[in-house]
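Student:
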Amino acid sequence: MEMRFEYIDNVLVAHLQMFLDQVGAENFKYVLVERMKPGEKIVLDLEKLVNIDNFGLDALLAVAQKALENESEIKLARVSSDMQIVLDITKVYRVFDIFSTVEEAVKSFQVGAEK
Numbered sequence: 057m058e059m060r061f062e063y064i065d066n067v068l069v070a071h072l073q074m075f076l077d078q079v080g081a082e083n084f085k086y087v088l089v090e091r092m093k094p095g096e097k098i099v100l101d102l103e104k105l106v107n108i109d110n111f112g113l114d115a116l117l118a119v120a121q122k123a124l125e126n127e128s129e130i131k132l133a134r135v136s137s138d139m140q141i142v143l144d145i146t147k148v149y150r151v152f153d154i155f156s157t158v159e160e161a162v163k164s165f166q167v168g169a170e171k
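Going by the numbering used here, the sequence shown opens with residue 57, and the numbers climb by one from there.
1. Is Lys171 helix, strand or coil when you go by DSSP?
2. Where does Ile108 land, buried or exposed, given buried means 16+ other C-beta within 10 angstroms?
3. Can you grab the Cα-Cα spacing for the pair Leu132 / Val158, in whole Å?
4. Could you give the distance in angstroms between the alpha-carbon of Lys147 and the alpha-carbon of Leu113?
5. Within 10 angstroms of the Cβ of Val106, are there 16 or more other Cβ atoms? Answer buried if so, exposed if not.
6. Where Lys171 and Ser164 are concerned, what is the direct C-alpha to C-alpha distance, given to the nearest angstrom?
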């Protein structure tokens, strides 16, 4: 499992390059929750996400729940067509705003702050 973090305009961007499966899901969840600060704005860059299974979906939902409890917000970016199908079938897409690029996802936080 590999995650690389960077801040872009005060938004934490997590670039995932991994299998989000039984092995990787727990580590993903632990690392992201430990990294999450109260009120944090987070973009998960899924361009290099290799695979996701039910453990990975559970981890995404657990991280989203922790973000809500933490008054943080998570958005997804660069979701592959295969991943989008999984999100659609499982209805997980209802939980996250999804953007074509990391830049669009980051910018959406600024647009939301202006309202």
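In this text, a Cβ means the ideal position worked out from N, Cα and C, and glycines have one as well.
Tutor: According to the structure shown:
1. At Lys171 the pLDDT is 44, less than 50, meaning the model places this residue with poor confidence and gives no usable figure here.
2. buried
3. 8 Å
4. 10 Å
5. exposed
6. Per-residue confidence for Lys171 stands at a pLDDT of 44, beneath the threshold of 50, marking its modelled position as unreliable; the derived number appears in the next sentence. Straight-line Cα distance between these residues: approximately 11 Å.
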